[in-house]
Amino acid sequence: MARLSFKKASTSTQQQNPLPVDSLSSNKAPALAIVDQPSLNNADLDALKRLAKGDFSHAGEPSNSETGELIESIRLMIGSSLGQSKTLIAELNFDAATLSQLCSDGVAAATKDISEELANARDTPERLTSVAAAAEEISVNVLAIADNASATQNRVDAISNTTHELTAAAHEIAKNAVLARKITSTAVTDTELAAKQFAQLKTAAEEISKVTDTISEVSDQTKLLALNATIEAARAGEAGLGFAVVASEVKQLAAQTHLANTDIKNKINIIQSAVNSSLQTIQSLTGVITEVDTVVTTIAAAAEQQSLATNSISDTLEGTTDDINTINISVNESSLAINEMNENLSSSATMANAMSDFMATMAHDNEAMLVAATSNFSEIVTLQSRGEDIGLLYKPYTLNEELEHADMTEQGLFRFGPQWSVLVDDMDDEHCKIFAYCNEIHLKVKQGDTQEDVLPTLIALADYTAYHFAEEERMMKAQAYPEFTSQKRAHTKLLANVAATIKNIKDGVRVNMVAVIVFLTEWLKGHILGEDIKYGEYFAERGIQV
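First residue of the sequence shown: 73, per the working numbering; consecutive thereafter.
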């Protein structure tokens, strides 16, 4: 359950001590007389004089009086406030100096002459147009290359087909040459066999010729014997008539034998001449067949070499075909790329024109920005000067080390303190945690973290704020707080804004983190001090315990 805390502003020094500070630093009597006012001893009076002179550095001699304790409390309270104020002023002066330097740098950057960049931007479309024209010419040349490559491809295909045909013919020639070698080899074998047979026939004819020679000799001798027999028969007279007849018959037979033998011998001579002629022809044919075999072998080898050569040519042509196909593909891709480049160049030229116009507008706006930056710089310098003036106001005051180095451990854009109290302790505790989340987001943005780095803390802030709003609404509803509806509506709107920012970051949409910081600042200042404080005051005025 929330604890209601009736926190009130600290009572002023005049309420606790009605004596004016000026009167303490002089010998004049107090302007006002307070009935029953405790008397001041010397130690208390010395302490008041030191405070009147701005010396808050030490407490002096201990005093056991109620007035002495009150003076010490005032010293500590005012001294602590002075220490914190000096620290805050020092921070303010440092931040103002930093901001002044940044603003000065911004003014210097704003005064930079961008005429050269603007001239270059105006020249860019013309350069892009020239590049586009050159790219168009390249595209035409590339298309011509593609046409030539296509024609070359057709020629190479025709040559490739021819080489395939030559290869087939060479294979066929080699095949036929092998067959011819077999035939000539068989012919050589047959002619050699015929030559042997004719040689045998010649030998037989020669033997027969020898026999006919023998027969001729026998016939001649028979004829000689018949002649001798005739002569002897003639000498014998009548007694030799029979023998003469026989001798005559033998003579006729010998004559016939001689005629037959002569005829056989002539025939044998004819056969021998034919055989000799055939042998010469066969020997000549054998030489021709051998030469044919040599020629066929040479043709077969040449055909094999031709086949290998045509195969090599065919392989080379296939490689050339592949290269031409690759060239065609590359040329087509180059043509597409050039066309795309032309489109991009056209788009770039349009963008360049727009950029040129934008830079011209920016150059005009730059003058206005320069005026505004100069004005802001003047205001910041004034703020820095005022901060230094305020710092000088604290110069008369003397603080000890404890008060000088006030506890300022709570850093960040927002420092939670009594000024942020809504008079309900539980809600103050939850607001303090919301401040911590907001300070963490501010620190990340200040460090230059990306919006993705800030996202986890922003989500944690949204989750905790949703929980806090639910607690507030439960409390307000339970106590019938009259502004409950408007508070709930404000809660819904705040959570919707945070949720939209988270969604944009998750979707990759670029978010203006400066706007986020401004939103958080307005939320904390506007909602807590403008709305939440109302329910605390409402409960306090009615003595409601929550």
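For every residue, glycine included, the Cβ atom is placed at its ideal position computed from N, Cα and C.
Closest in alpha carbon position to A508, among L533, T522 and K518, is L533.
If you draw a straight line from the Cα of I401 to the Cα of I231, it is about 22 Å long. Nearest C-alpha to T302 among A319, V581, K295 and E310: A319. For S493, no alpha helix (DSSP H) run applies, since DSSP gives it neither H nor E.
In this structure, H236 sits away from S379, with a CB-CB distance that is not shorter than 8 Å.
F128 is positioned such that its CB atom lies closer than 8 Å to that of I150.
Residue state for T522 is assigned as coil, using DSSP reduced to three classes. Sequence-distant partners of F591 (beyond 5 residues in either direction) whose C-beta falls short of 7 Å from its own C-beta, in its chain, are N569. Non-local C-beta neighbours of E390 in its own chain, meaning closer than 8 Å and more than five positions away in sequence, comprise S232, ordered along the chain. Cβ contact annotation for S288 (same chain, cutoff 8 Å, sequence separation greater than five): H330, N333, T334 and K337, in chain order. DSSP places F315 within a helical segment (H, G or I) once states are collapsed to three. Around E603, the same chain offers Q559 and A562 as residues with beta carbons nearer than 7 Å, after the five sequence neighbours per side are excluded.
A Cβ-Cβ separation of about 24 Å leaves A115 out of contact with G155 under the 8 Å criterion. In this structure the stretch 337 to 348 lies against the stretch 276 to 283, because at least three pairs of beta carbons, one per stretch, are closer than 8 Å.
Sequence-distant partners of K549 (beyond 5 residues in either direction) whose C-beta falls short of 7 Å from its own C-beta, in its chain, are F556.
T573 and D461 have their alpha carbons spaced roughly 41 Å apart. Contact between L527 and I577 holds: CB atoms are separated by about 5 Å, below the 8 Å threshold.
In this structure, DSSP gives F486 a state outside helix and strand, which the three-state scheme calls coil.
Beta-bridge analysis with DSSP links D127 to T470. By the CB criterion at 8 Å, V250 and A373 fall outside the cutoff. In the three-state scheme derived from DSSP, where H, G and I count as helix and E and B as strand, G359 is classed as helix. Within the stretch 549 to 609, the complete alpha helix (DSSP H) segments at least 4 residues long are 556 to 578 and 585 to 594, listed from N- to C-terminus. The straight-line gap separating the alpha-carbon atoms of A612 and M499 is approximately 14 Å. Note on geometry: alpha-carbon atoms of V586 and L408 lie some 45 Å from one another. The straight-line gap separating the alpha-carbon atoms of I255 and T353 is approximately 19 Å. The criterion of a C-beta distance shorter than 8 Å is not satisfied by L567 and C510.
The shortest CA-to-CA distance from L123 to any of T358, A311, A271 and T470 is the one to T470.
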